[in-house]
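Trainee: Residue numbers (our numbering), protein chains in the order written: chain A, 858 to 1371; chain B, 54 to 541. Heads up, the beta-carbon is just placed ideally off N, CA and C, and yes, glycines get one too. Structure provided below as structure tokens; questions to follow.
Structure, rendered in structure tokens:
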């Protein structure tokens, strides 16, 4: 029973003898093997650690277990929230939107506005035109967004709803009351059964950029567009802006959600910050466009390079080398010297890397995440002399595996470094048993791997639900690389203390100074 | 503030809120908003609100879907079975391990609740159908997770649209593997909310657990006169455990938990119990009614939130049994009373008179009112995401004063109600949490207990009281205003 002076929640409550007795009594009615035959559980648990299990596990072709990817509309919602006053609108059933909102909210600890038009059985039969007409009208009337960005759920895609025709019809029927002809409602088809959340990012970004710029082509301006990609580190967006600003050049960040998902306390406004719509309309007239995530923007960048003929291309400013390349690209595009500020920042980062290298050198890492994130962070690990033993990308697009392999081949340890494209985290579990590593780098889904395999987890990635405020930091630019260095080195040191804290057994190595 | 003033304020708020909508939407939403008076015979439902209707498109409803109701709520917590999210990758990922359905077991070996199994549909599965892939998936699961006691197939939207026959696949595989395999057609577009998913899932329990042979042995458990089942407790933060302990202390034997920390065997044992105890009426009244009709098992609703309702419920349950149980029930009540008195003595002075607005799923909007009122707090607004008329009828008996009632409230309305009625605490879900915290309002998530709990039973109430005090009396809310800002 609780004691009023020391009320405890479930963490300690259920350890008490009266609850242990309740749990033990319950077993007689259970059918899980632990209640029936704990030895059998032990036997199977041991088997899951073997090479035999690994081979069977990696050969799976139909069941995905513990994925490390999400579906297209999630990425579309992120794009929309990076534009000024824009409401993400998902054409389909509202359950999906409840999921997108909770998913982002649990990561950012911030509100995530997004509406759906609540399609149900009748829409499945007759199509969702009626829902779209009412939904756009209600959304515009109630929330008064400056723009509505429409994407789709798989339901709408399977029945084949035509977004362009529906939006035109909705505007026509509204007769300008809530949806005037010029009201921007860009759209993108985002079927969940194609690609992943980064594909949805690409499709929505392409939709907004191509549709807002229609008829806007004019004189080219000396200005650089920056497309961040599916970036979940708010600080990264700020680091990138600060680098571009150091060059004193005019720029537009397309899809900047850094204010939307980082609102100060005091009052609530549904929309904050974001790319100005006037800038978004004019982005076609910039002289260059740089995408920071190649695999999250391939369709968008094809348009920008082939049709818009922009200079720029891809540059992934994660790690030292990635940031150097980004900085040099900006120097080239602006025709200016690298600013002193960045030279100093770089010097400080390199200084820090040279201070900490003994702790990362030769350490084996398992890492998973989105394709561009992995290219950046793996590059940084190699710059520190670490060994990225398992690099797993569940949503790897074509071309990624070869690019990652080529990167790993630059390491002296290349023969023991593995790329796992299209594999899930249950596959990773096997790998961690058969070919163990010292540390994992990944999102909150790594937590169960940490429990099952004992491998320490360094929280870097998306989503991170069970650690606070990491998303506020940067992993891009020289300052972002310093954060990566700090998190990783200190986790190595924490683990060193953990391994040496045995009193009178190992604590001679429990050093005060490291 | 007198009750008339509160009621007038609430009515004015509704009127004001409706003005923002286009005509058709306003007409629709008007029927879902009302002001409830306690035990008002004239009101058909609490506040005379309409419910369980289609959501108005485009308004940012907080509702989920039928898949969420089946996979997320009813079936997902059954721990020794593997629940396949059948379709594209997203649904299973977004719903993974977020509900805090606690269980004991070796995850990945003999229990599987916090894992995500998906058939990860690709375009060719949409075009050519996914039945073949499902069959292979079931085989692979059986190879790699040999201690699973069954599999459920939780359909996502495309399944029902492309004409797949998951029932046929399940039938073939169940026979071949001698396993319980349950096909659930809980596609997200079915119905208007999670609610239909609960119903569909309940029906599949009937068809595939009760009416079919299950592959677990139930013959080793002999029925007793005191057998009961806990129905509609999802063991969030351990709620069912802190409920179970009280029932056992009063001499009853809890044979099954539905479905938090549940196993297939527990479900299969339930048709032999003497009484079904129904906590979440909305999500599991269907199977309770079925067991009453089919097996003659009576069911009663109970409420283990807050001591007043807990005591009432314990006595109501005991009344079904003999005097020995009734005597022990009084002993249990007496045993915990000093602790509860101490908890109330400690926290009531810190919470008395604080006003609360709730918005939760299908049970808590009425069931937790008593717990707040036990602490001297005043609930002035409540509503459900997916309740039906019978829930709103029951709500009439649970409210203490004029209460604004909002069915399927959306982001705009809830924000407007809070701004107009200015409660001291908002208690709802994760999607709304930070909206209100930005405004400097104390907030508690009432789906997940904000990563605390349990809140059920006597031990749970102590945690509930402590958590409400933590939220309302934390110093952090006072920091919103900077010292250089003017008063006002």
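1. At the 7 angstroms Cβ level, is residue 1329 of chain A part of the contact set with chain B, yes or no?
2. Relative to chain A, which residues along the region 344-372 of chain B have a C-beta separation below 8 angstroms, given in chain order?
3. In terms of alpha-carbon separation, which member of A/1274, A/1117, A/977 and A/954 lies closest to residue 1127 of chain A?
4. At which residues does the alpha helix (DSSP H) containing residue 1372 of chain A begin and terminate?
5. Return helix, strand or coil for residue 1180 of chain A, following the three-state DSSP convention.
6. Residues of chain A with a CB under 8 angstroms from the CB of residue 317 of chain B: which are they?
7. Mind checking who residue 1191 of chain A pairs with in its DSSP beta bridge?
8. Show which residues of chain B have a CB atom less than 8 angstroms away from the CB atom of residue 858 of chain A.
9. When the cut-off is 7 angstroms and only beta carbons count, does residue 864 of chain A lie next to chain B?
10. Run through the DSSP bridge pairs and tell me what residue 947 of chain A is partnered with.
11. Answer with buried or exposed for residue 1362 of chain A, where buried requires no fewer than 16 other C-beta atoms within 10 angstroms of its C-beta.
12. Checking contacts by CB at 7 angstroms: is residue 110 of chain B closer than that to chain A?
13. Can you tell me whether residue 1224 of chain A is helix, strand or coil according to DSSP?
14. Quick check: what's the CA-CA separation for residue 238 of chain B versus residue 207 of chain B?
15. Could you tell me the distance, in whole angstroms, from the CA atom of residue 1245 of chain A to the CA atom of residue 252 of chain B?
16. Quick check on DSSP: helix, strand or coil for residue 74 of chain B?
17. Going by beta carbon distance, what residues of the same chain come within less than 8 angstroms of residue 55 of chain B, once the five residues before and after it are set aside?
18. Here's a check: name, in chain order, each residue in its chain whose Cβ is nearer than 7 angstroms to the Cβ of residue 1342 of chain A, leaving out the five neighbours to either side.
19. Rounded to a whole number of angstroms, what is the C-alpha to C-alpha distance between residue 1052 of chain A and residue 920 of chain A?
20. Taking Cβ positions only, does residue 523 of chain B come closer than 7 angstroms to chain A?
21. Could you say which of A/1350, A/1364 and A/1283 lies nearest to residue 170 of chain B if we only look at CA atoms?
22. My parser needs the beta strand (DSSP E) runs of 3 or more residues fully inside the region 989-1042 of chain A; what are they?
23. Taking C-beta to C-beta, are residue 535 of chain B and residue 495 of chain B nearer than 7 angstroms?
24. Quick check: the Cα distance between residue 916 of chain A and residue 1041 of chain A, rounded to an integer number of angstroms?
25. Under the rule that 16 or more other beta-carbon atoms within 10 Å means buried, what is residue 1347 of chain A, buried or exposed?
26. Can you tell me whether DSSP reads residue 56 of chain B as helix, strand or coil?
27. Please list the terminal residues of the continuous beta strand (DSSP E) segment that includes residue 248 of chain B.
28. Note down, in chain order, each residue of its chain lying with its Cβ closer than 6 angstroms to the Cβ of residue 165 of chain B, except the 5 sequence neighbours on either side.
29. Determine the closest residue to residue 1136 of chain A out of A/1258, A/1073 and A/1092, with distance taken between C-alpha atoms.
30. Beta strand (DSSP E) containing residue 1296 of chain A: first to last residue?
31. Identify, in the order they occur along the chain, each residue of the same chain with its Cβ nearer than 8 angstroms to the Cβ of residue 310 of chain B, setting aside the five sequence neighbours on each side.
32. For residue 263 of chain B, would you say it is in contact with chain A, using Cβ-to-Cβ distances shorter than 7 angstroms as the test?
33. With a threshold of 7 angstroms between beta carbons, is residue 242 of chain B in contact with chain A?
34. Output the boundary residues of the alpha helix (DSSP H) element that contains residue 225 of chain B.
35. When the distance is taken between beta carbons, is residue 259 of chain B closer than 7 angstroms to residue 280 of chain B?
36. Using a 10 Å radius around the Cβ and a threshold of 16 neighbouring Cβ atoms, would you call residue 149 of chain B buried or exposed?
Mentor: Let me lay it out:
1. Indexing the first chain from 1 puts residue 1329 of chain A at position 472. No, its Cβ sits nowhere closer than 7 angstroms to a Cβ of chain B.
2. Listed by position along the chain: nothing, the set is empty.
3. In the first chain, the residue the question calls residue 1127 of chain A occupies position 270. In terms of CA proximity to residue 1127 of chain A, A/1117 leads the group A/1274, A/1117, A/977 and A/954.
4. Lying outside 858 to 1371, the shown extent of chain A, residue 1372 of chain A is not represented and no answer is given.
5. Position 323 of the first chain, counted from the start, is the residue given in the question as residue 1180 of chain A. Of the three classes helix, strand and coil, the one that applies to residue 1180 of chain A here is helix, per DSSP.
6. Counting from 1 along the second chain, the entry for residue 317 of chain B is found at position 264. Correct list: 888.
7. Position 334 of the first chain holds residue 1191 of chain A. Residue 1191 of chain A is not bridged to any residue.
8. Locating residue 858 of chain A in the first chain gives position 1, counting from the first residue. The answer, in chain order, is 388, 389, 392, 511 and 512.
9. Counting from one through the first chain, the residue named residue 864 of chain A turns up at place 7. Yes, contact with chain B.
10. Residue 947 of chain A sits at position 90 when you count from the first residue of the first chain. The bridge partners DSSP lists for residue 947 of chain A are A/973 and A/1008.
11. On the first chain, position 505 is the one that residue 1362 of chain A refers to. It counts as exposed.
12. Within the second chain, residue 110 of chain B is the residue found at index 57, counting from 1. Closer than 7 angstroms: yes.
13. Along the first chain, read from residue 1 onward, the residue named residue 1224 of chain A stands at position 367. In the three-state reduction of the DSSP assignment, residue 1224 of chain A falls in the strand class, which pools E and B.
14. For this step, residue 238 of chain B is matched to residue 185 along the second chain. For this step, residue 207 of chain B is matched to residue 154 along the second chain. Rounded to whole angstroms, the separation of the alpha carbons of residue 207 of chain B and residue 238 of chain B is 7 angstroms.
15. Taking the first residue of the first chain as 1, we reach residue 1245 of chain A at position 388. Taking the first residue of the second chain as 1, we reach residue 252 of chain B at position 199. A straight-line Cα-Cα distance of about 48 angstroms links residue 1245 of chain A and residue 252 of chain B.
16. What you label residue 74 of chain B is simply residue 21 of the second chain in a count that begins at 1. Residue 74 of chain B sits in coil when the DSSP states are folded into three classes, being neither helix nor strand.
17. Your numbering for residue 55 of chain B matches position 2 in the second chain. Unreliable placement is indicated for residue 55 of chain B, whose pLDDT of 49 sits below 50; no coordinate value is reported for it.
18. Looking up residue 1342 of chain A in the first chain gives position 485. Closer than 7 angstroms at the Cβ level, and outside the excluded window around residue 1342 of chain A, lie 1209, 1210 and 1213.
19. Position 195 of the first chain, counting from 1, holds the residue named residue 1052 of chain A. Position 63 of the first chain, counting from 1, holds the residue named residue 920 of chain A. Computed Cα separation, rounded: 17 angstroms.
20. Taking the second chain and counting its residues from 1, one reaches residue 523 of chain B at position 470. So no, residue 523 of chain B is outside the interface.
21. Your numbering for residue 170 of chain B matches position 117 in the second chain. A check of alpha carbon separations from residue 170 of chain B across A/1350, A/1364 and A/1283 identifies A/1283 as the nearest.
22. The region 989-1042 of chain A is shown to contain whole beta strand (DSSP E) runs of 3 or more residues at 1004-1009, in chain order.
23. In the second chain, counting from the first residue as 1, residue 535 of chain B sits at position 482. In the second chain, counting from the first residue as 1, residue 495 of chain B sits at position 442. When the beta-carbon positions are compared, residue 535 of chain B and residue 495 of chain B stay at least 7 angstroms from each other.
24. Here the question's residue 916 of chain A lines up with position 59 in the first chain. Here the question's residue 1041 of chain A lines up with position 184 in the first chain. Rounded to whole angstroms, residue 916 of chain A to residue 1041 of chain A spans 48 angstroms at the Cα level.
25. Residue numbering aside, residue 1347 of chain A sits at position 490 when the first chain is read from its first letter. Here residue 1347 of chain A is exposed. Its C-beta has fewer than 16 other C-beta atoms within 10 Å.
26. The count along the second chain starts at 1 and reaches residue 56 of chain B at position 3. Legend: pLDDT at residue 56 of chain B = 47, less than 50; position of this residue unreliable, value from coordinates given subsequently. In this structure, residue 56 of chain B counts as helix in the three-state DSSP scheme.
27. Numbered from 1 along the second chain, position 195 holds the residue referred to as residue 248 of chain B. According to the DSSP assignment, residue 248 of chain B belongs to no beta strand (DSSP E) but to the alpha helix (DSSP H) extending over 247-258.
28. Position 112 of the second chain, counting from 1, holds the residue named residue 165 of chain B. So the qualifying residues of the chain are 135.
29. The count along the first chain starts at 1 and reaches residue 1136 of chain A at position 279. Ranking A/1258, A/1073 and A/1092 by CA distance to the CA of residue 1136 of chain A puts A/1073 first.
30. Mapped onto the first chain, residue 1296 of chain A falls at position 439. That run of the beta strand (DSSP E) goes 1296-1299.
31. Reading the second chain from its first residue, position 257 is the one you call residue 310 of chain B. Taken in chain order, the residues that qualify are 282, 283, 286, 288, 293, 297 and 319.
32. As a first step, residue 263 of chain B must be located in the second chain, where it is residue number 210. Chain A, which has no Cβ nearer than 7 angstroms to the Cβ of residue 263 of chain B, makes this no.
33. What you label residue 242 of chain B is simply residue 189 of the second chain in a count that begins at 1. Taking Cβ atoms only, chain A reaches closer than 7 angstroms to residue 242 of chain B, which makes this a yes.
34. As a working note, residue 225 of chain B is residue 172 in the second chain. Residue range 219-230 is occupied by the alpha helix (DSSP H) that includes residue 225 of chain B.
35. Within the second chain, numbered from 1, the residue matching residue 280 of chain B stands at position 227. Within the second chain, numbered from 1, the residue matching residue 259 of chain B stands at position 206. For the 7 angstroms CB-CB criterion, residue 280 of chain B and residue 259 of chain B do not form a contact.
36. Here residue 149 of chain B refers to the residue found at position 96 when the second chain is read from its first residue. Burial is judged here by how many other beta carbons sit within 10 angstroms of a residue's own beta carbon; residue 149 of chain B has at least 16 and is buried.
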